[in-house]
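The structure under discussion appears below in the form of structure tokens.
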Amino acid sequence: MKDESLEIKLLAAYDAHADAIFRHCYFKTSQREIAEDMMQDVFLKAWSYMQLKRPILNMRAFLYRLADNLVIDWYRKHKSQSLDALMDDGFELVEGDTSIEEQTEISLALAKLKELSEDEQKLITLRFVEGLSPSEIGEILDENENTISVRIHRALKRLRILFK
Amino acid sequence: MELPPKKFIEQLRSIALSHTERSTLRSALIAHMSEHGARQAAPSPWSSFYFAKRIQVVSLSLVIVISYGSSVTFAAEGSLPGDMLYPVKTYVNEPIVRVVTVTSPASEAAFETKLLEKRLEEAETLDAEESFNPELKLSVREGIHEQSIKAKEKINDAENSSGANVSSTTISITGEISTSSPESISEKGDQSHDNLGSDKKNLDNEHPVLRATESVTDAVNISSPENTSGSSGSSNVNSGSSKSDSESSLKDIQQKHKDILEKLDLTFEEGDNDDNETEERRRGE
């Protein structure tokens, strides 16, 4: 059975969130190609899920959760490589539709971001880069909204110290 | 709440897929959706949607089976012996009606008598048709015979349970059934009509009450169809004489039974006569 409305729904979600999901994966894997593959995987998994006719209450939060799960799987597969080693390698060149000058700046910003803990990185990017509300972040991370707010505040404090 | 450095955020936000990457991946997704949309993943049996669908399917098929079945049984109601649906009528419809309607021995007797009546009506209808072959005739006769025995038993049961005096009417009727029915079947055999008549007379001697009714059946057997009204009239007189000492409902049934039995003999009269005629012709040759 082919459901036109589901296709339209998922394509709309792709248009709205593809970049954000890609970034989310990129921040964690630091590898552009892997992040691309993961983003693609997220939408394929979302499609399989939609085919089961199970309701998705919040598409954005749902996509982020799928992405987080894929990242965890990816980390498990690359256990042999130490996480620190990966971190040390830093981000690949950003590429995309950006100039070399911009790319250098972005790399610097990413390096700054990496100075934060993983949790802090996630909170800062979701809240400020992607513009998610604390309640939405709470949904993704399976946490209370207030807890998320407090943690965002702390992460922000840390970030500001880095910029001083 | 303080905000993080604006530039820092913007730089991070500028990380994105290139336009070509985005459109390539988008078309790949569309291809995947159209490819995997048709082949739906097997739904989990615990999914409420799946369950609901299951129940729908089951109930729909139940409705179909019931409505189809009821239409078959309805169609079977008008069937005759030898028809495809006739067994449905006798083995499905009637037992169901029996279960529903039978509440007491009297109603059971009434029901069985009604069935006997039905069998006779069927025989009459069949008799008018050309397709009524001897084989079918035999099975119809057996059916009527069985049904008459059944009705007789039920009438006896009803009488015993109701505590009414066993009237002479009952004896005569039940006796008549047990004797006349097998005879009407055996008439198909080698026995000549005269032999049968003498057998009946022997029976009459043993059972005086039977004499009157048996003479009626004899008369019917011998007489032509024009004499039918007269013979049935005499049987009415016979039964009327004993009406006084049994319950009215039972009497009604018994009367009906008797009428039917007369009809039974009449119904097969013509066929039997034909048989006898050929028999006689064969003898003459």
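So the sequences go chain by chain: S and Y. Quick note, the first sequence lines up with residues 468 to 631 if you use our numbering. Quick note, the second sequence lines up with residues 21 to 305 if you use our numbering. Here a beta-carbon is modelled for each residue, glycine too, at the ideal position from N, C-alpha and C. As the structure is a prediction and not an experimental result, all values here were calculated from the model.
A contact is defined here as three or more CB-CB pairs under 8 Å, and the segment 610-622 of chain S meets this definition with respect to the segment 570-588 of chain S. Within a 10 Å sphere around the beta-carbon of residue 83 (chain Y) sit fewer than 16 other beta-carbons, which makes this residue exposed. The alpha-carbon separation between residue 160 (chain Y) and residue 87 (chain Y) amounts to approximately 30 Å.
Interface residue (Cβ-Cβ distance to chain Y less than 8 Å): residue 481 (chain S) is classified as such. About 6 Å separates the beta carbon of residue 525 (chain S) from that of residue 606 (chain S), a gap short enough to meet the 8 Å contact definition. Judged by beta-carbon spacing, residue 102 (chain Y) lies beyond the 8 Å limit of residue 136 (chain Y), meaning their Cβ atoms are not closer than that value. In terms of Cβ geometry, residue 502 (chain S) and residue 489 (chain S) form a close pair [threshold 8 Å]. Residue environment for residue 94 (chain Y): exposed (fewer than 16 other C-beta atoms within 10 angstroms of its C-beta). Taking 8 Å as the Cβ-Cβ cut-off, the segment 510-524 of chain S approaches chain Y at 510, 511, 514, 515, 518, 519, 520 and 521, given in chain order.
Interface annotation, residue 571 (chain S): not in contact with chain Y, CB-CB separation never under 8 Å.
At a cut-off of 8 Å, the C-beta of residue 618 (chain S) has no neighbouring C-beta in chain Y.
At a cut-off of 8 Å, the C-beta of residue 76 (chain Y) has no neighbouring C-beta in chain S.
The residue from Y:32, Y:27 and Y:133 with its alpha-carbon nearest to that of residue 574 (chain S) is Y:32. A residue is called buried once 16 or more other Cβ atoms fall within 10 Å of its Cβ, and residue 601 (chain S) is buried on that count. Residue environment: residue 111 (chain Y) is assigned as exposed (fewer than 16 neighbouring CB atoms within 10 Å of its CB, all protein chains considered). Straight across, the Cα-Cα distance linking residue 177 (chain Y) with residue 169 (chain Y) is about 12 Å. Contact of residue 630 (chain S) with chain Y by beta-carbon distance below 9 Å involves 24, 25 and 28. For residue 566 (chain S), the three-state secondary structure derived from DSSP is coil.
For residue 501 (chain S), no chain Y residue has a C-beta closer than 7 Å to its own C-beta; the minimum C-beta separation is roughly 13 Å. Contacts with chain Y at 8 Å (Cβ-Cβ) include residue 490 (chain S).
Here residue 109 (chain Y) is near residue 97 (chain Y), since their CB atoms are less than 8 Å apart. The CB of residue 493 (chain S) comes closer than 9 Å to the CB of 35 in chain Y, given here in chain order. In this structure, residue 80 (chain Y) keeps its C-beta atom at 8 Å or more from the C-beta atom of residue 486 (chain S). The shortest C-alpha to C-alpha distance from residue 483 (chain S) to any of S:576, S:611 and S:598 is the one to S:598. Excluding residues up to 5 positions away in sequence, 139 lie with their Cβ nearer than 6 Å to the Cβ of residue 163 (chain Y) in the same chain.
In the assembly as shown, residue 123 (chain Y) is an exposed residue. Its beta-carbon has fewer than 16 other beta-carbons within 10 Å. DSSP places residue 484 (chain S) in the helix class (H, G or I) of the three-state scheme. What residue 31 (chain Y) touches in chain S, judged by beta-carbon distance under 7 Å, is 572, 573 and 576, going in chain order. Using a Cβ-Cβ cut-off of 8 Å, residue 591 (chain S) is close to 24 of chain Y, given in chain order.
Taking C-beta atoms as the reference points, residue 145 (chain Y) and residue 100 (chain Y) count as a pair closer than 8 Å.
In the DSSP assignment, residue 139 (chain Y) falls within the unbroken alpha helix (DSSP H) covering 125-148.
Counting the other CB atoms within 10 Å of its CB gives residue 29 (chain Y) a total of 16 or more, which places it among the buried residues. For residue 76 (chain Y), the three-state secondary structure derived from DSSP is helix. Secondary structure at residue 471 (chain S): helix, using DSSP grouped into helix, strand and coil. With fewer than 16 neighbouring CB atoms inside 10 Å of its own CB, residue 571 (chain S) falls in the exposed class.
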